[in-house]
Structure formats: C-alpha cells, structure tokens
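Written below as structure tokens is the structure these notes are about.
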Amino acid sequence: MAEEIRIGVFVCDCGSNIAGYLNVKELAEYSKTLPNVVFVKENLYTCSENGINEIKAAIKAEKLNRAIVASCTPRTHEPLFRGTCEEAGLNAYLFEMVNIRDQCSWVHMQEKEGGTAKAKDLIRMGVAKAALLQPQETIQSDVDPRAMVVGGGIAGMTAAMALANRGFEVTLVEKAPELGGMLLRLDKLAPSGVDASVFAAQQTELVQKNPKIRVLTSTTLNEVQGYIGHFKVSATSDGKSEEFGVGVIILATGAQVLKPIGFYNYDGQKVITQLELEDRLKAKTLDAKNVVMIQCVGARMEERKYCSRICCMVAIKNAIAIKEKNPAAGVRILYRDIQAYGVENEALYQHAKELGVIFIKYDPAKPPKVESGKVVVYHDLLGRDLDLPQDLVVLSTPLIYGEDNEAVSRMLRVSIDANKFFLEGHVKLKPLDFATDGIYLCGNAHYPASMREAISQALGAASRASIPLSKGVMTVEPIVSNLVDEEACRGCGLCVALCPYGALEVVRTEKGRKVRVIPVACKGCGVCAATCYQHALSINSYSDAQVGEQIKAFLTV
Amino acid sequence: MGDFKVKVRKKARYVNEDLCTGCGSCAEKCPTMVVDVYNAGLGKRKAIFKYFPQGIPSVFTIDAPECRQLGQGKKCGVCAKVCQAKAIDFEQKDKEVELNVGAIVVATGYEVFDPSVIPEYGYDRIDNVVTALEFERLLSASGPTAGHLDRPSDIAFEKDLEDLEKEHKKLSRQVKPDANDGMAEKTAALEVRINAMKDKKATFQTAKKIAFIQCVGSRDFRFNRFCSSYCCMHSVKEAMIANEHDNDVSSSIFCMDLRAVGRGFEEYKVRGGKQANIQYVRGRIAEITEDEAKSPVVWYESTTSRQVVHEAFDMVVLATACIPAAGAAKLAELLDVKLDSNGFIKTDSLAPLNTTRPGIFVCGCAQGPMDIPESVAQASSAAARAAETVAQVQLAVATG
C-alpha cells in the first residue's frame, strides 16, 4: 500500500516583508483546504530558531512526510530548511520551498488581493508537487587537493602563496613571460611609497622559491574540463602542451587600461594616459612644468557607465610624485567626484592639496577642452571659463575587462558582467566565489581594485578555495540529471552535445550505446531532459510528472 | 604567535541558553518597558529581550540594570513564573572561559558618530533631523513604524495625545456630578485640547521630501579627517527605498563628492536620479533650522546659482561617520597591537590583514570604514592568514 501523504505547510510573515503586503492569515487558512495537507502554521520568521523548532516539532508530532515553507527564496534559505527536515528525520529532498516573497509580495506591494491570490496559486502548486517528491541522497566525490591560479600579478601571486603556505600544491599560470602583471608598469605604490618593481621582484622571488608552487610563464590555457574537485587543464607553455589535474581554480587575470583614442586629442606624446605618465616617472624623463589631469576619460558615460574606482587615487598619487620632485610644477586635476574613499585615500587627497595640487570640478555636460598650451574648463563656482596652462595633459582612463575575459568565461563556464569583468556569485554573501563551484576570483579581474584590496581579495579567494581542498570530499546536491529509462535511451548523444557543463557522456554497455550522467558535474539545468525525445533522462525533484502536477494545479482553481 | 592564551569573560544573561526555546512568553508578560536600542531608541522593548528577531542564538536575555528583580531590588520574577522551560536563572554569574589558540582575528566593527556635537545640524534640538541608522529603522518593515516614514515629531505628538487621553479617562472617572471642585471644568478643558490635537493629528502625513546630508563627522577637520566610505551608497539606497515605499517621496542628497566606486554603484546612483526622484546637490550644509511645521530648513550655498539658499524638508537624514568602537583602544592595549592616528587598528597597505603583532589579524571596519562586500571578502582573507599561521605552526611541530 502506498504511504499516506502528510504535508505540513509553514507560511512565513518574513516580519512584514510578506505579511505587510499579503493576507497571510488567509493563506494559512487556504493551505488547510489543499489535498494531503494535514498541518499548517504561520510564523513571524520561519527561519528563526523558533520557526525551525516548530517545523521539527510538527514533523514528529504530526508524522509529516512532506514539508513546505512558503517564504523567501531557495537561493538563501532552502539549505536551512532542508537541514531542519533532516534533523527531524525527514529526508531533505521531501522538502519543497514556495517563494511568496521575491516574486510575489515584493512585486505586488500595492495589490494585496491579487498578490494574495497569486500566493495561493503558488502554494497550491507547491503542494501538488510535494506529494510526488521522492527522497534523494546527496552525492559525494573526492577532491584533488591541488590548485591552479590563473594570472601572475599581485593578486595571483598572493593567492598562490596563501594556498602553498597551507601545504597545498599550486600551479600558477601566467600568459606573459614573467610574473608581476600590471605592477611591472607602475612607478610607486600608494600610500606605502614602495617602488612597484621592487615589490614585484620581492613577491616573484617568494613565489619562485616556494617549493609548493609550480610557475608556468608564457603559458596559455587551451581547455579546462571537469568540475569542482576534478578539473582537467590543458595548457601550452612555449609551444609545448601539457595536461594536469586540479581540484580548484582561482582566477586572477587582471584588467587592462583603456587607451583613450579619440578623447581630448590623445596622442601618447603631449596628451598621455596615467600609465604612460608612470612610465615617464619611473624612467625619470618627466620634465613638464604645468600638468593638467582629466578624470573619468571614457568612464561614467553612456558607453561605459561604471566608475573605475582607482583612477582618482592614481591621479593623486602621480600628482604628489610630480610635486615632490618639482614643487614649482603646476598640477591641476579636473574631476567630477574625487573618489578618495576610506582613511588612507582621503589622507592622500588632503596631502596632495597641502602640496599645492589644485582640484577643479567639471561638469560632464561642459567638458574641458584641450587646446594648444592650455586647457579650458568651465568653473562652476566662478561661473566662467578658466584657462589652465599646460605642457602635458594626462588622461585618467578606466580599467577595462581583460582581453581574454570572454574566452575564459566560456572555457570555465563562469559569468561576466555587462562590462565584461568577471562576476561573483553574490555581491554581498559570496564576493570571491563564482556561481560555478570550485572557481574563485580576485583582483582586477573582478573589478578595479587598489593594491590593498587586490591583496586582501587574493587571500580571501585562497581561503575560500582551501575549504574543498582541506575537506578532501565534496558533497553535491542530488538534484541532477538521472537516466530513469535506460531501455529508452538510444545513445544518440544529442544531450551530450547540448550539456553546458560537460556532465554527460555516451558509454558502451551490454545493451549498446547509452548515456551516462556525471552527477558531480551536473548543475540540474534540465537541458538534457527537455531535449531527450525518448524521455529517458529526468531531473531529480523536477520530473515530468512532478512539474506536470504543478501545472495542473495552477490551471485548476 | 601560534600559542596565545586568552581569557574571555562571558557575561551572565540570566537565562539558561540550553533550556530557553525562544518562545517569548517571558517578554510578553514582563512588566518593564525599556527604550529599544536596536530600533535606535524609536521603539520600546521589555527588560527581558532578544536584541532583534532573527538573532542567533534565539535565546532571551535579561537587561539586569532595568530588571525589577535584578537591578532595582523589587519583587517580580514574572518571567520565571511564566517560563515553561524553567530557563530563567537569576543567580547566573559571569563566566571566565580560557582559550588556547594559534591565531586571533579581530572583527569588532565600529561605532556611529554622534552628530549632537555638531551644533549647526541641530540633531538633538530638531525632532525631524535623524541619523541614517534611525532612518533605516523607520524604513524597515519590521521596525517601529512598519516601514512608513512617520515623522519623529508626529510620533512624539501622537504619544503626547495618547498620554492626555489616558489622563482624561482618569479624570473622567473622578468627576462627581454634584461636586463643585472644578474637576468637571478641568476635564472639559482637557477634552477641548484633546480634540484640537486630534484635528491636528488628522493633518499629519508621512515624510515626502527628504534631505540627506553627507560627511557628518567625516571629512571634517573638527572631528574626523577620513572618509567613511560607505555612507554615499547608503544614502542613495535609503532614498531609493523610501521612494519605492512611497512613489511621492523625493530626496536631495547634499554631498561634496558622491563616492560610488563599487561594481554597479555608479549605475545605481544614476538610476536613483532618473527613477527615484533623487537630486544630487553639491554643497556642504551650513545650518539646519526648524520652521513652525516642525520641518527642518536646510541652509546652503548653491554652487550652481552661487547664492545662499534655504529649503524646508519633511525630514533630514544625517550620514554619520564610521568611527572606531569605544572599546577599540582597550582591546588594542590588551592584544598589544597598535592603533592608527584615527583609532582604528593599524594595518599595512601591502599586508592588509596584519596587525602590528604577528598572529593577530584584523578584518572589517575595525581596521577602517568599508562596505559589506569588502568586509565579507576581508573576513575570508583574515581566515586565510589565521589558517596559514596555524598551518605553519603545525608544520613546525610535525617536523620537529
């Protein structure tokens, strides 16, 4: 005899995030009328310890064999509720979450009745699906305890050393012939005043002397296959190809400086970039008497909307360098907002003013004009144009995405944002992880960062990467593709071709060519199950029958 | 380094953590009302309380100085009577815990600058001038106003009205029809006053026009020279949320520079201007006065018209500075680490998690102002440094 389905529904107020906009009392009453529902409880916060205890108590007292929480998003809270079920002796995958907040109460704040009706639909659908849920077991897989760091700038070197000092073997891959990245182009570092090339050399030496780090310079990645714990990397160094395995990958591929072609008569001679100015400062060939710097060149505009975070401080650092070398030199910085955030930056900004660097705010609607021997700028406070003498104009241009970002994004199956910088898994909760497990990011590859920030992020990324490495075992969600009907599979390979994660392969069996799922690599996206015309593949917890019942429940009020 | 002995004092909470189920019957029955610090003093809580609803562990605590039994020597013990879990323990004492650890991470955070020391902003004089943190509580759906922007002056007025109504009720009971003691007249006069106040209350509406003032106590040589990093973005965020809650809300953000430097921040700021009625005004506010409608009036020099102008707002929000925690100096002394000139824990820009003492690391706002993503990233970084330290020690022990 089939077991009796006993569903418990927990409706969360989420403080007033839900209860403020939907009629939760009505939702709770409504839930009681749904098939197989034997217990309903409304909580102020289902995720609070109270709420959790109530779920546990109800599972035991009411002999619930399915639990539903109608609340926020599974992205943040499903693991908690699944764990709760497990602690109460219910298989975690007999839990179903219904999101009545993010796409319901939050978007229907002004329409209580309609929002409540929609929440009822969502709960009814969840209940219908829950009745068909099957218990699942988590999948375990071992982890190759080695790491690859891509990019040998300060972020990459720092991350590699942090992992190596913990005892993990690291392969550090750098495209250029030497380590150091953008550091090699810079003059001094602010606010420490340390010579960038000296610092680069020190760090390079530490990396090279570390017995746990294998450095591959002049190396490009050809292919990366696999998944967390088992990545297979193919790389070419100086024409020679090699393959190696790693468990985790840290991306520290940096960024590049925008060349301001077409802006302010940029010519690389009389009108140069900050990076070109650093070349001259470093080579001690700078002899300008009057320097005008222009900020936000090619940034904070229609084509490139973002603020590149560090350029104001680069300008201030270089202005100070010019003033220290020649106090009589005129240095004027034309800016929109001086981004001297924090303690050190603001102090440096004040120091520059004390040295006599002049800061003039300009309106992007009335941009400065670079003319022969002068820059003309409209001064807001004076209400008129000012002529500023110049024998050198320096343009502060933003850092832009690394040239290989799109290719790397495809190769590693990690996201990039609208500006083609690499995109973290969650802006606040997972700033150093990609959404793809086992791959982490730091430094300018993520977003323009100061030295302090790049080093800090690199250590953090190493810390995140060390978690699977030190555990040695990965536990993966069982919501993956499953060959439910081996007979039906014809081994056509259509699903293999379409799988974006390389999680399927065709193997020879006694019954002929059949597809095989690599569960650890599978993300449960469902492309395979949707394409298989034989219905041989199905996604655990999202089977045709389960989703079908959900749709039916939606259509039958 | 690698071998620290630490004594930690765990304060008595007068509730047994293992027994308390967090049900809240104690707080329901507790007779003592206390100003709720979590809600920035805008609401009340009981003397037995949880700091905030989702707090971990979900266990109640008795605020001893406020408690009748513990702090005021009166007989009470209501909480102990109603607690079914028998978790209340008036005899609980502070405990000392000894730890032996290889590395220490300091993540003690920061405090918010008290703007009442800036006389020209009138924070302690003008009801409707609030701090950003107070404004956050007003915006919060689980806060004292359930997310509606009730003006503090109106909240205070309503409280006065409530008190008068109580007094009126009391007086009414004392009125004897025949007595010629003036009680009837007094009650009637009070009723007139109450009715007038009710009429006035009916005209109240939530704040529609809000001013945000940046760099309150930051970038100000009288107080703190540094920039507090995150306040520009929280003002933009608060202005956006206020507008989402009520589309009639418009905001002006007064700033020197609007520092929107993280991924998506500049775009967010621009979107606020286009879609959420936010105006960004460059300027430092000279003074805030109050008009007869209790509205703060902001005086400043407009850099575009080059004139001193004034403008009334329903509410003014002060973006107060991020300053070192009050205990930072004492903690630094205890840990034997140095502070920087501002009182934050000193770090090196090329070794950003290291304090001046090996084996002790610092992350988040304890080392200086930063936003949430940076704090979260730094927390991982500090963990990396701590793990590295411990790993090195273990390695040294293993290899003798």
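So the sequences go chain by chain: D and A. Read left to right, the first sequence gives residues 89 to 645 (the numbering used here). Read left to right, the second sequence gives residues 54 to 453 (the numbering used here). Glycine included, each C-beta is placed from N, C-alpha and C at the ideal position. These figures come from a predicted structure and were not determined experimentally.
> Can the beta-carbon of residue 105(D) be found closer than 7 Å to that of residue 204(D)?
Replying inline: Counting from one through the first sequence, the residue named residue 105(D) turns up at place 17. Counting from one through the first sequence, the residue named residue 204(D) turns up at place 116. In this structure, residue 204(D) does not lie closer than 7 Å to residue 105(D) by Cβ.
>> Rounding to the nearest angstrom, what Cα-Cα distance links residue 19(A) and residue 250(D) in this structure?
In response: The displayed coordinates of chain A run from 54 to 453. Any statement about residue 19(A) would go beyond what the structure contains.
> At least one CB of chain A closer than 7 Å to the CB of residue 311(D): is that the case?
Replying inline: Taking the first residue of the first sequence as position 1, residue 311(D) is located at position 223. So no, residue 311(D) is outside the interface.
> Going along the chain, which residues of the region 409-433 of chain A sit with their C-beta nearer than 8 Å to a C-beta in chain D?
Replying inline: 421, 422, 423, 425, 426, 427, 429, 430, 431, 432 and 433
> Should residue 596(D) go down as buried or exposed, given a rule of 16 or more other Cβ atoms within 10 Å for buried?
Replying inline: In the first sequence, residue 596(D) corresponds to position 508, counting from 1. When all chains shown are included, residue 596(D) counts as exposed.
> Along the chain, where does the alpha helix (DSSP H) that runs through residue 477(D) open and close?
Replying inline: Position 389 of the first sequence, counted from the start, is the residue given in the question as residue 477(D). Element bounds for residue 477(D): not the alpha helix (DSSP H) but the beta strand (DSSP E), 472-477.
> If you follow the alpha helix (DSSP H) that residue 470(A) is part of, which residue opens it and which one closes it?
Replying inline: No answer is possible for residue 470(A): the residues shown for chain A start at 54 and end at 453.
>> I need the straight-line Cα distance from residue 312(A) to residue 223(D), nearest angstrom please.
In response: Here residue 312(A) refers to the residue found at position 259 when the second sequence is read from its first residue. Here residue 223(D) refers to the residue found at position 135 when the first sequence is read from its first residue. Whole-angstrom Cα-Cα distance: 51 Å.
> To which residues of the same chain is residue 255(D) closer than 8 Å at the C-beta, ignoring the five residues directly before and after it?
Replying inline: As a working note, residue 255(D) is residue 167 in the first sequence. Contacts found: 300.
> Between which two residues does the alpha helix (DSSP H) carrying residue 422(A) extend?
Replying inline: Numbered from its first residue, the second sequence carries residue 422(A) at position 369. From DSSP, residue 422(A) is part of no alpha helix (DSSP H); its letter is neither H nor E.
> Which full runs of the beta strand (DSSP E) of 3+ residues lie inside the region 111-157 of chain A, going along the chain?
Replying inline: 148-154
> Quick one: any contact between the region 410-424 of chain D and the region 370-384 of chain D, if contact means 3 or more CB pairs under 8 Å?
Replying inline: yes
> Is the beta carbon of residue 306(D) sitting closer than 7 Å to the one on residue 326(D)?
Replying inline: Stepping through the first sequence from its first residue, residue 306(D) is reached at position 218. Stepping through the first sequence from its first residue, residue 326(D) is reached at position 238. Cβ distance < 7 Å, so residue 306(D) and residue 326(D) count as in contact.
>> Among the candidates 604(D), 193(D) and 399(D), whose CA atom is the shortest distance from the CA of residue 101(D)?
In response: To locate residue 101(D), count along the first sequence from 1; it is residue 13. Nearest of 604(D), 193(D) and 399(D) to residue 101(D), Cα basis: 193(D).
> Checking contacts by CB at 7 Å: is residue 340(A) closer than that to chain D?
Replying inline: Here residue 340(A) refers to the residue found at position 287 of the second sequence. Judged by the 7 Å Cβ criterion, residue 340(A) is not in contact with chain D.
> Can you give the Cα-Cα distance for residue 230(D) and residue 260(D), rounded to whole angstroms?
Replying inline: In the first sequence, the residue the question calls residue 230(D) occupies position 142. In the first sequence, the residue the question calls residue 260(D) occupies position 172. The alpha-carbon atoms of residue 230(D) and residue 260(D) are separated by roughly 23 Å.
>> I want to verify the contact list: residues of chain A whose CB lies under 8 Å from the CB of residue 539(D), in sequence order.
In response: Working through the first sequence from its first residue, we reach residue 539(D) at position 451. 402 and 403, listed in chain order.
> residue 104(A): buried (16+ other C-beta within 10 angstroms of its C-beta) or exposed?
Replying inline: In the second sequence, counting from the first residue as 1, residue 104(A) sits at position 51. It counts as exposed.
>> Quick check on residue 276(D): does DSSP put it in helix, strand or coil?
In response: Residue numbering aside, residue 276(D) sits at position 188 when the first sequence is read from its first letter. Residue 276(D): strand per DSSP, three-state reduction.
>> Quick check on DSSP: helix, strand or coil for residue 298(A)?
In response: In the second sequence, counting from the first residue as 1, residue 298(A) sits at position 245. Of the three classes helix, strand and coil, the one that applies to residue 298(A) here is helix, per DSSP.
> Considering residue 183(D), what are the terminal residues of the beta strand (DSSP E) in which it resides?
Replying inline: Taking the first residue of the first sequence as 1, we reach residue 183(D) at position 95. That run of the beta strand (DSSP E) goes 183-187.
> Taking 7 Å as the CB-CB cut-off, is residue 464(A) touching chain D?
Replying inline: Chain A is shown only over 54 to 453; residue 464(A) falls outside these bounds and no answer can be derived.
> Taking 7 Å as the CB-CB cut-off, is residue 107(A) touching chain D?
Replying inline: Within the second sequence, numbered from 1, the residue matching residue 107(A) stands at position 54. Output row for residue 107(A): interface = yes.
>> Which of the three DSSP states is assigned to residue 264(A) in this structure?
In response: As a working note, residue 264(A) is residue 211 in the second sequence. If DSSP states are grouped into helix, strand and coil, residue 264(A) belongs with the strands.
> Hey, out of 63(A), 347(A) and 184(A), whose CA is closest to residue 268(A)'s CA?
Replying inline: For the purposes of this step, residue 268(A) is identified with residue 215 of the second sequence, where counting begins at 1. The candidate whose alpha carbon is nearest that of residue 268(A) is 184(A).
> So what does DSSP say about residue 452(A), is it helix, strand or coil?
Replying inline: For the purposes of this step, residue 452(A) is identified with residue 399 of the second sequence, where counting begins at 1. Residue 452(A) falls in the coil class under three-state DSSP.
>> residue 426(A) and residue 186(D) - do their beta-carbons sit closer together than 7 Å?
In response: Within the first sequence, residue 186(D) is the residue found at index 98, counting from 1. Within the second sequence, residue 426(A) is the residue found at index 373, counting from 1. In this structure, residue 426(A) does not lie closer than 7 Å to residue 186(D) by Cβ.
> When the cut-off is 7 Å and only beta carbons count, does residue 75(A) lie next to chain D?
Replying inline: If you number the second sequence from 1, residue 75(A) lands on position 22. Yes, residue 75(A) lies at the interface with chain D (some Cβ there is under 7 Å from its Cβ).
>> When you compare the CB positions of residue 271(D) and residue 248(D), do they come within less than 7 Å of one another, or not?
In response: Locating residue 271(D) in the first sequence gives position 183, counting from the first residue. Locating residue 248(D) in the first sequence gives position 160, counting from the first residue. Taking 7 Å as the Cβ cut-off, residue 271(D) and residue 248(D) do not qualify as a contacting pair.
>> Tell me which residue opens and which closes the beta strand (DSSP E) that residue 592(D) is part of.
In response: The sequence position of residue 592(D) within the first sequence is 504, counting from 1. Segment 592-597, the beta strand (DSSP E) holding residue 592(D).
> Which of helix, strand or coil does DSSP assign to residue 221(A)?
Replying inline: The sequence position of residue 221(A) within the second sequence is 168, counting from 1. Here residue 221(A) sits in helix by DSSP.
> In chain order, what residues of the region 310-329 of chain A put their CB closer than 8 Å to some CB of chain B?
Replying inline: Absent from the structure: chain B. Protein chains present are D and A.
> Under the three-state reduction of DSSP, which class applies to residue 48(D): helix, strand or coil?
Replying inline: Because chain D spans 89 through 645 in this model, residue 48(D) falls outside it and cannot be assessed.
> Looking at residue 421(A) and residue 99(D), is the spacing between their C-beta atoms short of 7 Å?
Replying inline: Position 11 of the first sequence, counting from 1, holds the residue named residue 99(D). Position 368 of the second sequence, counting from 1, holds the residue named residue 421(A). Not in contact: residue 99(D) and residue 421(A) (Cβ atoms no closer than 7 Å).
> Cα-Cα, which of 329(A), 265(A) and 143(A) is closest to residue 335(A)?
Replying inline: As a working note, residue 335(A) is residue 282 in the second sequence. The residue with the shortest Cα to Cα distance from residue 335(A) is 265(A).
> Roughly how many whole angstroms lie between the Cα atoms of residue 554(D) and residue 333(D)?
Replying inline: Within the first sequence, residue 554(D) is the residue found at index 466, counting from 1. Within the first sequence, residue 333(D) is the residue found at index 245, counting from 1. Taking the straight line joining both Cα atoms gives about 16 Å.
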